[in-house]
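Visitor:
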Amino acid sequence: MFSEKLISQQTWYEWWNPVYFLVVLLFAYLYKRFVIGSDHEEAVSKKQMNYFYISLILFYIMNGSPFNVMADQYLFSAHVLGLSILLFVIPPFFILSLPMTRIRQYFWNHQKKELMNFLLHPWFTGITFNVALTLYLTPRVFNVIHESPFFSFLYQLLLFAAALFVWWTIIVQVPGLKNLSEFGRICYIFLLSLLLMPIGIYLLIGENLSYQMSEIASFGLLPAFTGRYDHQLAGGILKTIQLLSYGIAMFIIMRNWARREEAEEGKVPDENIRLVQGVVIHLKENNHVKRP
69 MFSEKLISQQ TWYEWWNPVY FLVVLLFAYL YKRFVIGSDH EEAVSKKQMN
119 YFYISLILFY IMNGSPFNVM ADQYLFSAHV LGLSILLFVI PPFFILSLPM
169 TRIRQYFWNH QKKELMNFLL HPWFTGITFN VALTLYLTPR VFNVIHESPF
219 FSFLYQLLLF AAALFVWWTI IVQVPGLKNL SEFGRICYIF LLSLLLMPIG
269 IYLLIGENLS YQMSEIASFG LLPAFTGRYD HQLAGGILKT IQLLSYGIAM
319 FIIMRNWARR EEAEEGKVPD ENIRLVQGVV IHLKENNHVK RP
């Protein structure tokens, strides 16, 4: 039986990775100690705390639970599922859990302004992330990287960092930095979806793609589930999670944009303009005449 053979080949350490469990506990402690327990005037809401703990739970499930055994050694589609959660679900939850006022105070000062403008430039973040992910999912590069657990971990860590920058550009608006407008962020999300489309199509229609972890058929669990079906399923999972996450982000941006426009309707920003009973009155810039 596949299940008996699978269990006999793995240790308890591989089933429930204690290192990742300790990492999750450490981050939970740091968040509680320095974010929730801080004396800062901006309190952390219950929703933000829930976002943070959801991101930690998802991170451990994808990397430290029995799911990771299947994703790392047997099913390429399971690996892509875990990778998609890591890149398109966990980053927005993590970013939304952070109190923005404190982030601005600690990181976005004038000394780091230029560096952050470069790292958070939409073209730089978008192209870097999508090129790195596309290369990672091509069979030749993927198999070479996974020959070494260290390089596999390092590359996925870099992908996660790039995903954080992408989602930061989408979610966060920081005064003093080159932020995108609502329309700009919607266009940015649309372009991100287009940039990742080639690898999704490649996985869906490609033939004879050889990923070293697609060994499930050899164990007799699903004899009809060949390597081709595996990478086709992976392509479907990748595009589904990506489009869902980007679609939700686009919906929230459009909703907030509409609310802001509605709130500003009827307001006159120019100090030399007054709105009296629906009539716009332009005042002279120099209301006072200097006497000789």
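Using this note's numbering, the first residue of the sequence shown is number 69, and each one after it goes up by one.
From the three backbone atoms N, C-alpha and C, an ideal C-beta is built for every residue, glycine too.
In this text, all values refer to a predicted model and were calculated from it rather than measured experimentally.
1) Helix, strand or coil, according to DSSP, for Glu330 in the structure here?
2) So what does DSSP say about His299, is it helix, strand or coil?
3) If you compare alpha carbons, which of Leu312, Gly274, Val92 is closest to Arg296?
4) Taking only three categories from DSSP, how would you classify Asn85?
5) In three-state terms, what does DSSP make of Phe293?
6) Pair every Cβ in the stretch 141 to 161 with every Cβ in the stretch 212 to 229, then say whether three or more of these pairs are closer than 8 Å.
7) Of the residues Arg327, Leu262, Leu277, Ile257, which one's Cα is nearest the Cα of Ile316?
8) Among the candidates Asn247, Gln310, Ala331, whose CA atom is the shortest distance from the CA of Leu149?
9) Quick one: does Pro167 have its CB under 8 Å from some CB of chain C?
10) Only counting the same chain, and skipping five residues up and downstream in sequence, which positions put a Cβ closer than 6 Å to that of Gln345?
11) Within 10 angstroms of the Cβ of Phe251, are there 16 or more other Cβ atoms? Answer buried if so, exposed if not.
12) Where do the ends of the alpha helix (DSSP H) carrying Val209 lie?
13) Suppose contacts are defined by Cβ-Cβ distances below 8 Å. Is Ala302 in contact with Phe135 by that definition?
14) According to DSSP, is Thr361 part of a helix, a strand, or is it coil?
15) Under the rule that 16 or more other beta-carbon atoms within 10 Å means buried, what is Trp236, buried or exposed?
16) Over the uninterrupted alpha helix (DSSP H) stretch that includes Arg253, give me the two end residues.
17) Please report the distance separating the alpha-carbon of Phe218 from that of Gln224.
18) Which whole-angstrom value describes the C-beta separation of Asn118 and Tyr88, a residue pair presumed to lie in contact below a C-beta threshold of 8 Å?
19) For Val92, which residues of its own chain have a beta-carbon under 7 Å away from its beta-carbon, when the five flanking residues on both sides are left out?
Guide: Taking the coordinates as given:
1) The count along the sequence shown starts at 1 and reaches residue 330 at position 262. Glu330 falls in the helix class under three-state DSSP.
2) Position 231 of the sequence shown, counted from the first residue, corresponds to residue 299. Note: His299 maps to helix in three-state DSSP.
3) Working through the sequence shown from its first residue, we reach residue 296 at position 228. Comparing Cα positions, the closest option is Gly274.
4) As a position in the sequence shown, residue 85 is number 17, starting the count at 1. In the structure shown, Asn85 sits in coil (DSSP, three-state: anything other than H, G, I, E or B).
5) To locate residue 293, count along the sequence shown from 1; it is residue 225. Correct three-state label for Phe293: coil.
6) Contact between the stretch 141 to 161 and the stretch 212 to 229 is established, with three or more Cβ pairs separated by less than 8 Å.
7) Residue numbering aside, residue 316 sits at position 248 when the sequence shown is read from its first letter. When each option's Cα is compared against that of Ile316, the closest is Ile257.
8) Counting from one through the sequence shown, the residue named residue 149 turns up at place 81. Ranking Asn247, Gln310, Ala331 by Cα distance to Leu149 puts Gln310 first.
9) Of the protein chains in the structure, only one exists, and it is not chain C.
10) Position 277 of the sequence shown, counted from the first residue, corresponds to residue 345. The predicted model places Gln345 with a pLDDT of 47, which falls under 50 and marks its position as unreliable, so this point remains unresolved.
11) Numbered from its first residue, the sequence shown carries residue 251 at position 183. Exposed.
12) Here residue 209 refers to the residue found at position 141 when the sequence shown is read from its first residue. Val209 -> alpha helix (DSSP H) spans 207 to 213.
13) Residue numbering aside, residue 302 sits at position 234 when the sequence shown is read from its first letter. Residue numbering aside, residue 135 sits at position 67 when the sequence shown is read from its first letter. For Ala302 and Phe135, no; Cβs fall outside 8 Å.
14) Because the chain here runs from 69 to 360, residue 361 falls outside it and cannot be looked at.
15) Taking the sequence shown and counting its residues from 1, one reaches residue 236 at position 168. Looking at its Cβ environment, which holds 16 or more other Cβ atoms inside 10 Å, Trp236 is buried.
16) As a working mapping, residue 253 is identified with position 185 in the sequence shown. Arg253 -> alpha helix (DSSP H) spans 250 to 263.
17) Position 150 of the sequence shown, counted from the first residue, corresponds to residue 218. Position 156 of the sequence shown, counted from the first residue, corresponds to residue 224. Each residue's Cα considered, the two are about 10 Å apart.
18) Counted from its first residue, the sequence shown places residue 118 at position 50. Counted from its first residue, the sequence shown places residue 88 at position 20. With a Cβ gap of about 21 Å, Asn118 and Tyr88 do not count as contacting.
19) Start at 1 with the first residue of the sequence shown, and residue 92 comes out as number 24. Excluding positions up to five away in sequence, the list reads Leu124, Phe127, Tyr128.
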